Structures are given as C-alpha cells and as structure tokens.
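Here the protein sequences line up with chains A and B, keeping their order. Residue 3 is where the first sequence starts when you use the numbering used here, and the numbers rise one by one after that. Residue 1094 is where the second sequence starts when you use the numbering used here, and the numbers rise one by one after that. Glycine residues also receive a C-beta, built at the ideal position from the N, C-alpha and C atoms. Bear in mind the structure is a predicted one, so any value in this text is a computation, not a measurement. To start, the structure under review is shown below, and the notes come after it.
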Amino acid sequence: MSDVILDTDRKGILTRISDTLWRNPRLTILLLLTPPALWLGVVYLGSLFALLVQSFFSIDEFSGLIIREFTLKTYAELFTPANFDIIVRTVLMASAVTIAAALVSFPIAYYAARYAKGKWKAIFYLGVMLPLWSSYLVKVYSWKLILAKEGILNWLFETLHLSWLLNAYLSLPIIGGNSLSVSWTGTFLVFLYVWLPFMILPIQAALERVPRSMMEASGDLGATPAQSFRHVLLPLALPGVIAGSIFTFSLTLGDYIIPQIVGSSRRFIGQAVYAYQGTAGNIPLAAAFAVVPIVIMGIYLWVAKRKGAFDAL
Amino acid sequence: MHSDRASKGLKIAAGLGLAFMHLPILLIFVYAFTTEDKSYQWPPPGLTLKWFGVTWNRPDVWEALSLSVKVASISTVIALFLGTLCAAAVSRTRFFGREAISLMVILPIALPGIVTGISLRSAFNLADIPFSFWTIVLGHATFCIVVVYNNAVARFRRTSGSLVEASMDLGANSFQTFRYVILPNISTALLAGGMLAFALSFDEVIVTTFTAGQQQTLPIWMLEELVRPRQRPVTNVVAMVVVLVTFLPILGAYYLTRGTDTVAGQGK
C-alpha cells in the first residue's frame, strides 16, 4: 500500500466531514443506520403492520366486500373446527420435520466438524452448500419424480419384491394414502429434504466452536466418551440445534408449495393463507391466518434467544 | 471421542445423510435426457438430446430467465448497500436499540415467507400500489439484506479495530480508511454475501407469488409447470440447467473464500 498517497492537509472537505464523524460516534451510527432502518422500517415493518390492520377487518358475507372496521370476528373464525385443524396439523408437521431434521443432521454436522479433514472437509462443506443453494422448486420437483407412481421408488420396491411392504405402509391411517405422492409421508419427506441443510450448518458451526481441549479435559477427568458426549458436547451443540430449528420450523409453518405439489388435499396454514387471499378474496381471514405463524415464531424466537441460539446463527 | 477416528456407525450415518441430499438432484440429470414425455417413468425407456433444442427455442423460458436475472441483480445491489451499512453500525459500537436492529434484519427470513408475502401484498393493497417489476424487487431486497449482513458482520467482528485506528493515526480520513483498509478486509465477505443474495433472489418463489403481477420469474414459470404441466421434458431440461447454473456461483464463492477462516455459508 506504499503507493497510496494520503491527504495530510487537514482542511479538505472530506477530511472535515470525516473528523466530525470520528468525534461524534453517535452521528456516525445514525448515518449508517438510517438507510437500512428506513428500508426495513417502512417496507417490512410497515407491511407487517398493514397485515395486522387487515386482520382486524372482516368480510361481508353477502357482498364479499371488506368492511374496514375494527372487529375480532375474523380471529374468532380461526377457532372454527375446520380452521383450527389446519393450525394443529401444520404445527405437528413442523415439529415432526424439525425433530427428524435434527436427528439426520447431527451425524453429518458432527462428522464434518470434528473428523473431516482436508479434502473431506471440502467435500462435506460443498456437500451441504450445493443442496442448500440448489433451486427450491427443482428440489421439490425431483421428489415429484421420485414419489410418482411410475417413479423410481415404486420401481425399487417392485424390483426388490417389497411392494407389499409399501402397500401395507400406505394403508396406515393418517400417514398413508393412495400413493406416496399424495400422502403426508411424502409431504414430510420433501420438507425434511428441502430444509435439512438449514439444520446442518448451525449445528456444525456450534460443534466447531467447542474447543478440542474441553473434550480432552472431560476425558482426563474420567468421563467415558459417551459421558463426554452427553454432558459436554451436546449442551454446547444445543444452541446450534435451536438455531437450525428456527429455520426448519418457520420454513415449514409458512410453506404452501410443497404440500400443494406433494401431499393430500387437506390444507396447511400456508395454503389457507394463499387460498383465502386469492380466489376467495378474503384478505382479512388470510391475514389472521398469517398472524398465527408470527405468534408461534415470536414465542419460539423468545425461547431461542434465552437459550443463546442467536450466537450460533 | 478422544481418538481422531470416527466410529463406523457415525461414518455410515454421515455418508447416508449426504447421499440423501444429493441423489434426488442427480435424478433430475437423468430425466432431462429421457425420451418419454407423458409420465415420470423409471427407468427411462430411452435417452435423447431432443429436448434441449426444444427448450432453447421457447421464448417464455428466455423471458422468465431474463426477468429473474434482472430482479436478482438489482435486489443484490440494494441488499449489499443496506446490509453492509447495518453490519458496520452493529459491529462497531453498542448502542441503544442494537438488538432491535439485528432482530429486524433477521425477521424477514425468520418469519415464514408467506408472512412476508401476504404482508407486502396487503400493504400494496392498502396503499393502492400496482404490481410491477419494482414490487418484486422490493420484496426480494428485503430478505436478501440478512445474507449480506450475516457475512459482513462476521467479518467486521474479525477485523481488528486497531487497524482502523492505525490508519487514522497515519493521517487517513474515514473515507480513505474505508477505501484502503476496511474494504480490502471485507471484500471477500461482501462478494460471498452478494453471490448468496443473488442465488436467494434468483430462486425465491413464495414471496414472489404475492408481489408479482403478470410477470413470470423463472421460479414462477417452474411453479406453473409443476401445478399445470404443459411439456414435462422442457421442465426437466430447465430444472437441470437451473441446477448447473446455481452450482457455478457456489463453487466460485467457495474457491474465492477458501483459505480465509470465514465460511461463505448463510448459516454462519
């Protein structure tokens, strides 16, 4: 950098601005923050506020017009059995996906963080990043191909003469269905597949931050590997798991495309929001439905923050 | 746990996990060459290159692609600007409302996409804003900020404050310090953040369905094909090309940031 000629004359206009900024850190912060705060405040928080306002309006049942008056009627509609079922169903699916994702992710993250070296480290890193950044729709589409009746999975079961097993599974209530592509098992698999990298990365980040010496100390103090794992590594990895679960949970709560393409006809929250605002034109009810994931995620984030999950993001 | 060798069970679990993440994508590559055009038959009855030509001559694919590239470029530029400013402010000092700011940045991605989508839609609705190219960009830039922010804030934390002070002591003003000291330090993080923001916007479909009018971005085009298939082989080819195209920047970002101790990943 020796070729950089610095302005030593303290009178230039830029220098004076710069001196003022240096002397007034508060002003600097204010100037730095104004553009992003304005953008997020106006565009994003403003929109959230608009959503909230809409959710307190109601729709006139006869004319189908939105009545712009404060009412809790729309929220009451959420608790009709049909709508409440949608909420329960979505939360259950999100929980199942989150738990499964944590279980599948852990060995991958653990191996990548503590054992993979050199070439394998790179392979594991890219092995998670490539699926993470591949197109969401392409991933969903690939599962449509896999789960289709004439697709590879059915072919595999047939070739292995295990079709009876698949049929027995599909005849189960709730998780089964006419075929995998119209069953909740299918929906679950696609959710799990699509959100998995979002779980692996924070867990891996948390595990990489655990100092090797800490595990050695635990061993030196007489803990068996299983005890060290249970009492040292797992608690330290927990913020990573929680950080990952924020993604898997939230993404599942709000998705409407996966259950539409692979799944039964029974709706999830996302589909309800989409249907009510679209063809039905009932924006107030759609808005009230959209408030549900906000509230759930609000509680979730609050708990996560208390557990220190944001440091692992 | 003390040893440096993983147990067999762990190796198998990790390997199976990786396979689970990659096999479905590889399947797309086979389907792009199938001769069969009515169903998703496996194994493919034959292989052909015919569908590549058919896809090449489809104007709707090209239009969707060009719209996606335009939206992603502009959103990335906006996100780079806002995300860097925010990261600089947050990492520099502790101030009142700092937590609130970082929460506000994370919120668009922490809340389900459908919430962002329906919020923007009700806002456009209340304010009587017609849907256009810019309403799509508005939505995309909002959730892209967090990717840039995450990358930049991690790098700012690692960049020692004494470097900045040394630069000022040597007579540089804030702008020169930014240009010659801070920017070279954070440039790879910004590049990685920018690439990821581009990829995020290029691929976004949920928010876009709420903020787009008649325009079709590439993901919206694909969604249409998934819901109401017109020509399945064309969808297969587009899907394969999209996979290949998104792999390139990821590999690029990886080789660019390799060697630094930062990971270009969004999760970090």
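Pull up the distance between the alpha-carbon of residue i and that of residue j, whole angstroms please.
{"i": "tyrosine 77(A)", "j": "phenylalanine 1126(B)", "result": "51 Å"}
{"i": "glycine 1206(B)", "j": "alanine 52(A)", "result": "16 Å"}
{"i": "proline 175(A)", "j": "asparagine 169(A)", "result": "12 Å"}
{"i": "proline 243(A)", "j": "tryptophan 1149(B)", "result": "Rather than proline, the amino acid found at residue 243(A) in this sequence is valine. Cα-Cα distance, rounded: 44 Å."}
{"i": "leucine 1140(B)", "j": "isoleucine 154(A)", "result": "16 Å"}
{"i": "cysteine 1179(B)", "j": "leucine 1142(B)", "result": "49 Å"}
{"i": "glutamate 1192(B)", "j": "valine 140(A)", "result": "36 Å"}
{"i": "valine 1230(B)", "j": "isoleucine 1343(B)", "result": "22 Å"}
{"i": "threonine 1355(B)", "j": "isoleucine 1279(B)", "result": "With a pLDDT of 44 at threonine 1355(B), under the threshold of 50, the modelled position of this residue cannot be trusted; read the value that follows with caution. Whole-angstrom Cα-Cα distance: 11 Å."}
{"i": "leucine 80(A)", "j": "aspartate 257(A)", "result": "19 Å"}
{"i": "phenylalanine 1226(B)", "j": "isoleucine 1194(B)", "result": "28 Å"}
{"i": "valine 1320(B)", "j": "glycine 1306(B)", "result": "18 Å"}
{"i": "histidine 1115(B)", "j": "phenylalanine 1122(B)", "result": "12 Å"}
{"i": "glutamine 229(A)", "j": "proline 237(A)", "result": "12 Å"}
{"i": "lysine 1361(B)", "j": "alanine 102(A)", "result": "Low confidence applies to lysine 1361(B): its pLDDT is 31, below 50, so where it sits in the model is not reliable, and the reading given next is rough at best. Between lysine 1361(B) and alanine 102(A), the C-alpha separation is close to 22 Å."}
{"i": "glycine 14(A)", "j": "alanine 1259(B)", "result": "20 Å"}
{"i": "glycine 265(A)", "j": "threonine 1228(B)", "result": "31 Å"}
{"i": "alanine 288(A)", "j": "asparagine 85(A)", "result": "11 Å"}
Return the bridge partner residues of residue i from the DSSP annotation.
{"i": "leucine 1140(B)", "result": "Thr1127(B)"}
{"i": "serine 1159(B)", "result": "Answer is none; serine 1159(B) lacks a bridge partner."}
{"i": "isoleucine 1194(B)", "result": "Looking at the DSSP assignment, isoleucine 1194(B) forms no beta bridge with any residue, so it has no partner."}
{"i": "serine 60(A)", "result": "Ile69(A)"}
Residue i and residue j: beta carbons closer than 8 Å?
{"i": "phenylalanine 249(A)", "j": "tryptophan 197(A)", "result": "yes"}
{"i": "leucine 1160(B)", "j": "glutamine 1308(B)", "result": "yes"}
{"i": "valine 1240(B)", "j": "alanine 1290(B)", "result": "yes"}
{"i": "glutamine 273(A)", "j": "proline 261(A)", "result": "yes"}
{"i": "leucine 255(A)", "j": "alanine 96(A)", "result": "yes"}
{"i": "serine 181(A)", "j": "leucine 194(A)", "result": "no"}
{"i": "leucine 34(A)", "j": "alanine 1182(B)", "result": "yes"}
{"i": "tyrosine 1(A)", "j": "aspartate 1296(B)", "result": "Missing from the structure shown is residue 1(A); chain A here goes from 3 to 315 and no further."}
{"i": "isoleucine 205(A)", "j": "glycine 179(A)", "result": "no"}
{"i": "leucine 54(A)", "j": "valine 293(A)", "result": "yes"}
{"i": "proline 241(A)", "j": "lysine 307(A)", "result": "no"}
{"i": "leucine 147(A)", "j": "tyrosine 1133(B)", "result": "yes"}
{"i": "leucine 1169(B)", "j": "serine 1294(B)", "result": "Residue identity check: residue 1169(B) is threonine in the sequence provided, not leucine. For threonine 1169(B) and serine 1294(B), yes; Cβs fall inside 8 Å."}
{"i": "isoleucine 259(A)", "j": "isoleucine 1299(B)", "result": "yes"}
{"i": "methionine 201(A)", "j": "serine 107(A)", "result": "yes"}
{"i": "threonine 1304(B)", "j": "isoleucine 1313(B)", "result": "no"}
{"i": "isoleucine 1238(B)", "j": "alanine 1172(B)", "result": "yes"}
{"i": "alanine 1099(B)", "j": "threonine 1310(B)", "result": "no"}
{"i": "isoleucine 31(A)", "j": "phenylalanine 1224(B)", "result": "no"}
{"i": "leucine 1219(B)", "j": "tryptophan 41(A)", "result": "no"}
Smallest Cα separation from residue i: which of the options?
{"i": "isoleucine 1129(B)", "options": "Arg1151(B), Val1327(B), Leu1284(B)", "result": "Residue identity differs from the one stated: residue 1129(B) is glutamate in this sequence, not isoleucine. The residue with the shortest Cα to Cα distance from glutamate 1129(B) is Val1327(B)."}
{"i": "proline 213(A)", "options": "Val90(A), Gly43(A), Arg116(A)", "result": "Arg116(A)"}
{"i": "leucine 149(A)", "options": "Ala170(A), Ala124(A), Leu191(A), Tyr127(A)", "result": "Leu191(A)"}
{"i": "threonine 17(A)", "options": "Met1261(B), Asn1278(B), Val1330(B), Ala1193(B)", "result": "Met1261(B)"}
{"i": "valine 275(A)", "options": "Ile101(A), Ile31(A), Pro286(A), Ser266(A)", "result": "Pro286(A)"}
{"i": "lysine 75(A)", "options": "Pro83(A), Val243(A), Thr82(A), Ser60(A)", "result": "Ser60(A)"}
{"i": "threonine 1235(B)", "options": "Pro1137(B), Ala1203(B), Pro1223(B), Trp1144(B)", "result": "Ala1203(B)"}
{"i": "glutamate 152(A)", "options": "Ser165(A), Val142(A), Ser136(A)", "result": "Ser165(A)"}
{"i": "valine 130(A)", "options": "Lys1101(B), Leu1103(B), Ile1118(B), Arg1185(B)", "result": "Ile1118(B)"}
{"i": "methionine 1197(B)", "options": "Gly48(A), Arg28(A), Ile263(A)", "result": "Gly48(A)"}
{"i": "methionine 1288(B)", "options": "Leu1200(B), Ala1259(B), Val1230(B), Asn1244(B)", "result": "Asn1244(B)"}
{"i": "valine 1334(B)", "options": "Leu1283(B), Ala1346(B), Met1315(B)", "result": "Met1315(B)"}
{"i": "valine 1208(B)", "options": "Asp62(A), Pro133(A), Gln56(A)", "result": "Gln56(A)"}
{"i": "glycine 300(A)", "options": "Asp222(A), Ser252(A), Gly265(A)", "result": "Ser252(A)"}
{"i": "lysine 123(A)", "options": "Ile31(A), Glu210(A), Ser136(A)", "result": "Glu210(A)"}
{"i": "tryptophan 135(A)", "options": "Phe1145(B), Glu1318(B), Ala1285(B)", "result": "Ala1285(B)"}
{"i": "tyrosine 302(A)", "options": "Val1274(B), Phe1226(B), Leu1200(B)", "result": "Leu1200(B)"}
{"i": "arginine 28(A)", "options": "Val1257(B), Gly1190(B), Ala1259(B)", "result": "Gly1190(B)"}
{"i": "tyrosine 1347(B)", "options": "Ala103(A), Glu71(A), Leu132(A)", "result": "Leu132(A)"}
{"i": "tryptophan 186(A)", "options": "Pro83(A), Met201(A), Val45(A), Thr92(A)", "result": "Thr92(A)"}
{"i": "glycine 1254(B)", "options": "Pro1136(B), Phe1174(B), Arg1185(B), Met1114(B)", "result": "Arg1185(B)"}
{"i": "tyrosine 1124(B)", "options": "Pro1138(B), Ala1292(B), Gly1210(B)", "result": "Pro1138(B)"}
{"i": "alanine 1292(B)", "options": "Ala1220(B), Gly1345(B), Gly1210(B)", "result": "Gly1345(B)"}
{"i": "leucine 203(A)", "options": "Ile89(A), Val297(A), His233(A), Ala239(A)", "result": "Ala239(A)"}
{"i": "tryptophan 145(A)", "options": "Gly1102(B), Asn1329(B), Arg1098(B), Leu1103(B)", "result": "Asn1329(B)"}
{"i": "glycine 188(A)", "options": "Ala290(A), His233(A), Ile263(A)", "result": "Ile263(A)"}
{"i": "threonine 73(A)", "options": "Leu105(A), Trp304(A), Ile296(A), Ala290(A)", "result": "Ala290(A)"}
Does the structure place the stretch 1332-1343 of chain B close enough to the stretch 1243-1253 of chain B that three or more beta carbon pairs sit under 8 Å? As far as the Cβ criterion goes, the stretch 1243-1253 of chain B does not touch the stretch 1332-1343 of chain B, which means the pair count is below three.
| Touch check for the stretch 156-174 of chain A and the stretch 60-69 of chain A: three-plus C-beta pairs under 8 Å? | Note that the stretch 156-174 of chain A does not touch the stretch 60-69 of chain A; fewer than 3 beta-carbon pairs, one per stretch, sit closer than 8 Å.
Original post:
Do the stretch 1144-1154 of chain B and the stretch 1212-1223 of chain B make contact, defined as three or more Cβ pairs closer than 8 Å?
Top reply: At 8 Å Cβ cutoff, the stretches do not touch.
request  = Take every Cβ of the stretch 1101-1113 of chain B, pair it with every Cβ of the stretch 93-111 of chain A, and state whether three or more of those distances are shorter than 8 Å.
outcome  = Yes, they touch.
Any contact between the stretch 1254-1272 of chain B and the stretch 15-28 of chain A? By contact I mean 3 or more CB pairs, one from each, below 8 Å.
Contact between the stretch 1254-1272 of chain B and the stretch 15-28 of chain A is established, with three or more Cβ pairs separated by less than 8 Å.
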